[in-house]
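According to the working numbering, the sequence shown is numbered sequentially starting from 31.
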Amino acid sequence: MTSWKLRCAKCGFVWVLKVSYNISDMDKIYHYCPKCKKNTFHEILERLD
Ligand SMILES: [Zn+2]
Numbered sequence: 031m032t033s034w035k036l037r038c039a040k041c042g043f044v045w046v047l048k049v050s051y052n053i054s055d056m057d058k059i060y061h062y063c064p065k066c067k068k069n070t071f072h073e074i075l076e077r078l079d
């Protein structure tokens, strides 16, 4: 598992996503935001090991 720091493009909430696949080649990721409580685009800020 790799942890990625994401920022929701809609509300600005920064949180950590744990996934088993590499998302570093993606510019943005469409994922559920815990704060918006719906799927939004997220910026990938950094990789956390
Ligand atoms: Zn959000």
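All C-beta atoms in this analysis are idealised placements derived from N, C-alpha and C, irrespective of residue type, glycine included.
Determine the extent of the beta strand (DSSP E) in which residue 71 is found, giving its start and end residues. If you look at residue 71, you'll find it in the beta strand (DSSP E) that goes 68-78.
For the beta strand (DSSP E) containing residue 59, name the first residue and the last one. Per DSSP, residue 59 belongs to the beta strand (DSSP E) from 58-63.
Can you tell me whether residue 50 is helix, strand or coil according to DSSP? Correct three-state label for residue 50: coil.
If you measure between the beta carbons of residue 59 and residue 75, is that distance less than 8 Å? No, the Cβ-Cβ distance between residue 59 and residue 75 is not below 8 Å.
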